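Data first, discussion second: the structure below is written as structure tokens.
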Amino acid sequence: MAHAELGDPTRPSYALPASEGVVASAELRVSAVFISGDRRIAVINGQRLRVGESVGGATISEIASNKVSFVRGDRTFSVPLLSAQSRQ
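Take 2 as the starting number for the sequence shown in my numbering and just add one per residue.
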């Protein structure tokens, strides 16, 4: 009988290794958010993106003033806007 390798159930999903071509949520960096009326743009990993666009295998579902929410498969997660100190 073969044994499947069991993962650590206490390990958060964002800490799991990413598949090739897919960026782990910890590797998504939200460096700026621009909101003007209905227009919302986030700068993620140096790219200007809008809701519905994808980066690192995740699709942007919401852009808020302090975070960006993503969907990847059946999982949702948020990445906070980097503070000025953490950008240095």
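C-beta: ideal position from N, C-alpha, C; glycine also. Small disclaimer: the values here were computed from a predicted structure and weren't measured.
Leaving out the 5 sequence neighbours to the left and right, which residues in its chain are closer than 8 Å to Asn67 when beta-carbon positions are compared? The residue given as residue 67 occupies position 66 in the sequence shown. Cβ within range, chain order: Val34, Pro81 and Leu82.
Any idea which residues DSSP pairs Leu1 with across the strands? The chain is shown only over 2 to 89; residue 1 falls outside these bounds and no answer can be derived.
Do you know offhand how far Gly22's Cα is from Asp39's? Translated into the one-based positions of the sequence shown, residue 22 becomes position 21. Translated into the one-based positions of the sequence shown, residue 39 becomes position 38. The predicted position of Gly22 is uncertain, since its pLDDT is 43 and thus under 50; a value taken from the coordinates is nonetheless stated next. In a straight line, the C-alpha of Gly22 is about 31 Å away from that of Asp39.
Report the residue ranges of all beta strand (DSSP E) runs contained in full by the segment 47–84; include only those spanning at least 3 residues, in chain order. 48–50, 59–64, 68–73 and 76–81
Taking a contact to mean a Cβ-Cβ separation below 9 Å, would you say Phe71 touches Thr60 in this structure? For this step, residue 71 is matched to residue 70 along the sequence shown. For this step, residue 60 is matched to residue 59 along the sequence shown. Cβ distance < 9 Å, so Phe71 and Thr60 count as in contact.
Going by alpha carbons, who is nearest to Ile45 out of Arg76, Leu29 and Ile64? Counting from 1 along the sequence shown, the entry for residue 45 is found at position 44. When each option's Cα is compared against that of Ile45, the closest is Leu29.
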